[in-house]
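**Student:** Chains as they are written, first to last, in full-length UniProt numbering: chain A, 1 to 188; chain B, 1 to 188.
Using N, Cα and C, we set each Cβ at its ideal position, and we do this for glycine too.
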DNA sequence: GGCAACATTTTACAAATGTTAAAAAATCAT
DNA sequence: ATGATTTTTTAACATTTGTAAAATGTTGCC
């Protein structure tokens, strides 16, 4: 089962040796739709790779719940503060469909980072890819109107548009659900 | 001169050996206010650490120039796409004051990443810190109004408020200069 | 000092988005 | 299937933010 991961671009850069070292610590888990696998305000001990399914990260505000990230198969999934600062996180991560994930304990992963140069660089690449994607979203907010953001999201993530509730997509795009509905309506 | 860097938190995690290996490739450079050190649409060959001064990263749009990052001393500074994807960047980086920087060629840095485990993990930490900071800004846009973002920015970055043109701060905060002016006016 | 260039604020108006509430549509569970 | 629940859309109105242009303030330079 875990061997499937080997085909994900994320892992293809690893040598066979490093892949075996890493995968030795990985365990396949499956959860039903609706499961929350990362809780805010907790130090979460696992780093996950989504093998199949859809996930979202969100923050519970006073009057609102803001979704700020979606993951599809191949995505990495972890509590930022737990992973980066070993402190409680701010985000919840919920599975929007039945999902299969591979996970590794952060303590094991951190040991590998201190032992294996390839894996350390693999971890660096993960952070860098997330970084450039996040910065791009921040910049898109400045340059593109809400309608353009929606249409591009729909074009680039057809699976998500089909299967994710619009209220979640609205907050992901940085608008209210009413505004998103207007954008969609303007198309007909 | 370069020894000063050793005190920056960014470098304090490195062992003496790794520090010497890294600093061997680093060169101190100084530029006057107004110098652009990273150009959009170019593959930029250097990774910089800002030793003193203030820098901003911006994108030239059709009608607007959007500043999306500020750096003060200790900040790392590079073309994201050059560094991460070895392809031309989207951002310009300009020095807003006379500045001293230390730089290392990306080719040298990448070699070190492949040779030295500590330096590879140091590079991982850099990306992770930038990542968490960028995500926090994206989330702040959703939860905080423009006025709150301004007041918090002013509180956390007193140097920048003092020395950076408000038009740059406005786009950094995600509002027009007129709106920023209204926010500031509302305080008196 | 005084002019020129640039930065900031102000004003009036326009456009986009938010808020609240209700209706319509879709989905879920028994 | 059908009633209950949730999601999405629609409507009316309020608010925020944007745009353009003029007024004011600031900075640097000769």
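From residue 134 of chain A to residue 73 of chain A, what distance separates their C-alpha atoms?
**Tutor:** Cα to Cα, residue 134 of chain A sits roughly 18 Å from residue 73 of chain A.
**Student:** Assuming contact is defined by CB atoms lying nearer than 7 Å, are residue 93 of chain A and residue 37 of chain A in contact in what I supplied?
**Tutor:** Going by C-beta atoms, residue 93 of chain A is nearer than 7 Å to residue 37 of chain A.
**Student:** Might you give, ordered along the chain, the residues of its own chain that have their beta carbon closer than 6 Å to the beta carbon of residue 65 of chain A, omitting 5 neighbours on each side?
**Tutor:** Counting only Cβ-Cβ distances below 6 Å, and skipping sequence neighbours, we find 58.
**Student:** May I ask you to list the residues that DSSP assigns as paired with residue 114 of chain A?
**Tutor:** Answer is none; residue 114 of chain A lacks a bridge partner.
**Student:** Check this for me: beta carbons of residue 118 of chain B and residue 14 of chain B, under 7 Å apart or not?
**Tutor:** Yes, the Cβ-Cβ distance between residue 118 of chain B and residue 14 of chain B is below 7 Å.
**Student:** Can you tell me whether residue 188 of chain A is helix, strand or coil according to DSSP?
**Tutor:** No answer about residue 188 of chain A holds up, because its pLDDT of 46 lies below 50 and its placement is not dependable.
**Student:** State the start and end residues of the unbroken alpha helix (DSSP H) segment that holds residue 7 of chain A.
**Tutor:** No alpha helix (DSSP H) holds residue 7 of chain A; DSSP gives it neither H nor E.
**Student:** Check whether the Cβ of residue 61 of chain A lies closer than 7 Å to any Cβ atom in chain B.
**Tutor:** Closer than 7 Å: yes.
**Student:** What is the residue span of the alpha helix (DSSP H) that residue 85 of chain A lies within?
**Tutor:** That run of the alpha helix (DSSP H) goes 80 to 85.
**Student:** Leaving out five residues before and five after residue 43 of chain B in sequence, what residues of the same chain have Cβ atoms less than 6 Å from its Cβ?
**Tutor:** The residues are 82, 88.
**Student:** What residue from B:85, B:163, B:183, B:124 has the CA that sits closest to residue 41 of chain B's CA?
**Tutor:** Of the listed residues, the one whose Cα sits closest to residue 41 of chain B is B:85.
**Student:** Out of A:17, A:176, A:52, A:147, state which residue places its alpha-carbon closest to the alpha-carbon of residue 99 of chain A.
**Tutor:** Checking every option, the nearest Cα to that of residue 99 of chain A belongs to A:52.
**Student:** Determine, using beta carbons only, whether residue 34 of chain A and residue 50 of chain A come nearer to each other than 7 Å.
**Tutor:** Contact flag unset, no.
**Student:** Give the residues of chain A in contact with residue 113 of chain B, contact being defined as C-beta atoms less than 8 Å apart.
**Tutor:** Within 8 Å Cβ-Cβ: 121, 124.
**Student:** Run through DSSP, which three-state label would residue 28 of chain B get?
**Tutor:** Residue 28 of chain B: strand per DSSP, three-state reduction.
**Student:** State yes or no: is the C-beta of residue 159 of chain B within less than 7 Å of the C-beta of residue 131 of chain A?
**Tutor:** Not a contact, by the Cβ cut-off of 7 Å.
**Student:** Just to make sure I have the definition right: I need the residues of chain A whose C-beta is within less than 9 Å of the C-beta of residue 117 of chain B. Which are they?
**Tutor:** In chain order: 113, 114, 115, 116, 117, 120.
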